[in-house]
Amino acid sequence: MRQKLIWSCILLLLLANVYIWQGVAVWVDSRPEIYFLNIGQGDSTLIVSGNHQVLVDGGPDKSVMAELGKIMPMWDRTIDLVVLTHPQSDHLTGLFAVLERYQVEEILATFAEYDSSLNREWLNEVQKSGAKLNYADPADDYHFGDLYIDTLLPLDSSVQSADINEDSVILRVSGDNLSVLLMGDAGFATEDSLLNIYPGISADILRVGHHGSKYSSSIKFLERTEFDSAVISVGKNSYGHPSPETVDRLNKVNAKIYRTDQAGTIRFDL
Ligand SMILES: [Zn+2]
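Okay, so the sequence shown: first residue is 1 according to this note's numbering, each after it adds one.
(1) Could you give the distance in angstroms between the alpha-carbon of ILE79 and the alpha-carbon of GLY184?
(2) Among ASP90, VAL126 and LEU152, whose alpha-carbon lies nearest the alpha-carbon of ALA136?
(3) From ASN51 to GLY200, what distance separates their C-alpha atoms?
(4) For ligand 1, which residues count as neighbours when the test is a C-beta closer than 5 Å to any heavy atom?
(5) Is there contact here, the stretch 182 to 198 with the stretch 215 to 225, by at least three beta-carbon pairs under 8 Å?
(6) Residues in its own chain within less than 6 Å of GLU100 by CB, not counting five upstream and five downstream?
(7) Does the distance from the C-beta atom of ILE205 to that of SER233 stay below 7 Å?
(8) What are the partner residues of HIS52, as DSSP defines its beta bridges?
(9) Write down the C-beta distance between ASN165 and HIS91 rounded to the nearest angstrom, noting that I regard them as a contact closer than 8 Å.
(10) Between SER202, GLN88 and GLY94, which lies nearest to ASP150 when the distance is taken from Cα to Cα?
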């Protein structure tokens, strides 16, 4: 009986040890990382900086939870910032499970209104969760350790577009080494606005707009942003994403193309 107790204590101490060192490892290795999650046809991107996490979109279903479980330390139940680029189901649905399971400190959303039962339900859940809801504004940027998040669009003076995709929240995230442009489902019109408002805009990695739709990623935009790598978040779909025209344009600017449906979750150290 006594021996059993001793062994139980030893086991408990060993487990506590693993738990503590996992935490220390996160603190020591605080270089930001970005993960383009393999969640099927939709978008979900996790950015980690030390013990901070930022999740941009939640994908089309609960598969985001398994992906988060592989990356987040098991003791960490808090997500510092959730960004919903626009409230369509392939970006929003997975966020319901996230909000239920994690404590979300702040939610950043587009100002544009979108009337759907899913979005109404979401706004209801956000209110119940107590998370702070903010609307994206280029004046409000975020720092988490060595991670910098620059809010680019929409402008607070924007007039709502007929197409919700064009009011996607556009972010530029960067660490000391690499920068990434996260385009949501923006198309040509928003790309033109970006080039007009931020003429010198560039990044190392482009998270290609709208899952590689042919109405996104104009050749002018691809040339001006001077990125090396292009990430397409895509799964099995009937929209023809990514379109061969877009892939051609990406090849024309010599982009190294990564697709979540082929490579699975894709990680870069920022
Ligand atoms: Zn989408």
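Even for Gly, the Cβ is constructed at its ideal location relative to N, Cα and C.
Predicted model, so just to flag it, every value in this text is computed and none were measured.
Working from what's here:
(1) 20 Å
(2) LEU152
(3) 32 Å
(4) ASP90 and ASP185
(5) yes
(6) none
(7) no
(8) SER49
(9) ASN165 to HIS91, Cβ: 10 Å. No contact.
(10) SER202
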